[in-house]
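Protein chains in written order, with our numbering: chain A, 1 to 334; chain B, 335 to 611.
So the structure is just underneath, and the comments pick up after that.
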């Protein structure tokens, strides 16, 4: 079981209120991603759940039990750190065994669990090595192994893939998702990378300045962002946000249109602009359009390839039913 | 090219010569001391016997027979070892707390601790002597150990703090998650990871204790007197007994020089701590 509830949780560092009172419930078995720009309080929130950071006010419950004052090791949670945080003086085997040794589990059980974890994480050949002799990806797998063997109520991941190179990151992302499907344990995952959030989460919590901007499934956030911040933060490339007269035409203070919801023509369209840089990905092309008179630079995403050269005139037309409208308080107009 | 070649030539010969020169200048007093310790007091003051003389062990025999060298040596060992251990027992938890759970005042406390080293020892000498006599601990091992511990504590805490700061906080926190209490963190993570740093700190502290003279000479008479006191006692009140003084000095610094020789690597690491990061 791993149902986690935050009730009016608050954190103040000195004079700065990092997290204003906040409520959140995470259901058993859910994969929840905390996402937001750096400094938004997502890591602090995770560390508060872990017990590594004290609460200024409020309470945390795990499986309906108040753990606010319970030390980290007694909360039944396991954490995977961005820096892996392996014990450099111990072999992989000893690293994985460590939490079990602390819990007083007998050696036969320890070894059985280590072997099982090593097998599922492809670490069997590396058990006698020290962390310094492993690659980044292997180290992170050891950190995950160390978390798995504890059989925690929930896994906490603090930007676990940030130190890995891009290719490895995609691979590890899939491994963590596989792990979640297999174990069906609650996982809380902190990242600033909205692609990770979108691909991994059952539920995304978007944070800004310690405040929850929106909670929802990835597609809910994509299709119906609650406000301008979420609209701009979720989706890659970013949503184009337009203010002023063009927005007023749609009865809004500002409107947003995703790059994939714009059609491109060389001869006619709603908005006219000049091609800046075009990024050709093969499957897609991202064209950055300048001089539209609407915003600094608009981004368009088109399937396949297009012959657009720097400086060419180009016409853009939004798919009207895909326009997001926001009021003067930046909230979504339904 | 010519300049480069000349520079290379210069550094190839000049630097080693310079280095050897400096080393010899530093080594010469020790060499002279050892040499003099094998001369009679009469020969010791005659310049013509600088290198050529009839060696004698008289001074060493005299030292062990008449001056009770072993008692002083034992006192030195007892006080230096105990003071070093005590300093570490206090210093490790202190530096741990400062490195991993700093408060707003941590930096100020570190600076304040260092500032105590700026206090001239002479300023507190008489208060210390009166205190020690008043408490009835004058000339006891306890007093010497406490004083040695206190004067070394600031440096020891600073050094340990610097080493501990190098250990990523995440590792300590991972330990917390895995079920360690504070003592467990120190035992399972801190000490194994900072072992080199702790060892070189201990070594330096031990050397400082062993060589300490200002306080050990003034706060002891017989019972807790260390080798520093033995040297001081042979400072020839009745004349110039260079042979004897040299023998005593050689026997006093001998153990620490030998220890230092074997632990050169750790010592250099300790002395240049924080220099390369």
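Using N, Cα and C, we set each Cβ at its ideal position, and we do this for glycine too.
Judged by DSSP in its simplified three-state form, residue 5 (chain A) adopts strand. Shown here, residue 267 (chain A) sits in coil according to DSSP, grouped into three states, outside any helix or strand. Chain-order list of chain A residues neighbouring residue 494 (chain B): empty, with the shortest C-beta distance near 18 Å, by a criterion of under 7 Å. Check the Cα spacing between residue 426 (chain B) and each of B:512, B:448, B:517, B:438: the tightest is with B:517. Sequence-distant partners of residue 145 (chain A) (beyond 5 residues in either direction) whose C-beta falls short of 7 Å from its own C-beta, in its chain, are 96, 117, 118, 121, 123. Listed along chain B, the residues sitting closer than 9 Å to residue 89 (chain A) by beta-carbon distance are 523, 526, 527, 529. Look at residue 325 (chain A) here: in three-state DSSP terms it is strand.
One alpha carbon belongs to residue 173 (chain A), the other to residue 66 (chain A), and they sit about 32 Å apart.
Residue-level contact by beta carbon holds for residue 508 (chain B) and chain A, with a gap shorter than 8 Å. Contact with chain B is absent for residue 218 (chain A), since none of that chain's Cβ atoms lies less than 8 Å from the residue's Cβ. The beta carbon of residue 370 (chain B) sits closer than 7 Å to the beta carbons of 378, 576, 577, 580 from its chain, once the five residues preceding and following it are set aside; these are given in chain order. For residue 34 (chain A), the beta-bridge partners assigned by DSSP are A:190, A:205. Residue-level contact by beta carbon fails for residue 116 (chain A) and chain B, as no gap is shorter than 8 Å.
Put simply, the CB of residue 48 (chain A) is far from chain B, with every gap to its CB atoms at 8 Å or more. Annotated three-state conformation of residue 387 (chain B) is coil, per DSSP. Interface criterion met: the Cβ of residue 513 (chain B) is under 8 Å from a Cβ in chain A.
Within the region 9-90 of chain A, the complete alpha helix (DSSP H) segments at least 4 residues long are 42-50, listed from N- to C-terminus. Selection B:584, B:416, B:600, B:590 evaluated against residue 391 (chain B) yields B:584 as nearest (Cα-Cα). With a beta-carbon spacing of about 15 Å, residue 555 (chain B) and residue 410 (chain B) fall beyond the 8 Å limit used to define contacts.
In the three-state reduction of the DSSP assignment, residue 106 (chain A) falls in the coil class. For residue 155 (chain A), the uninterrupted beta strand (DSSP E) segment begins and ends at 154-158. Around the beta carbon of residue 457 (chain B), a 10 Å sphere encloses fewer than 16 other beta carbons of the protein chains shown; the residue is thus reported as exposed. Contact annotation for residue 502 (chain B) against chain A: 83, 85 [CB-CB distance below 8 Å, chain order].
Residue 216 (chain A): not part of any alpha helix (DSSP H); member of the beta strand (DSSP E) spanning 211-216, first to last residue. Around residue 221 (chain A), no beta-carbon contact reaches into chain B at under 8 Å, the shortest distance being about 30 Å.
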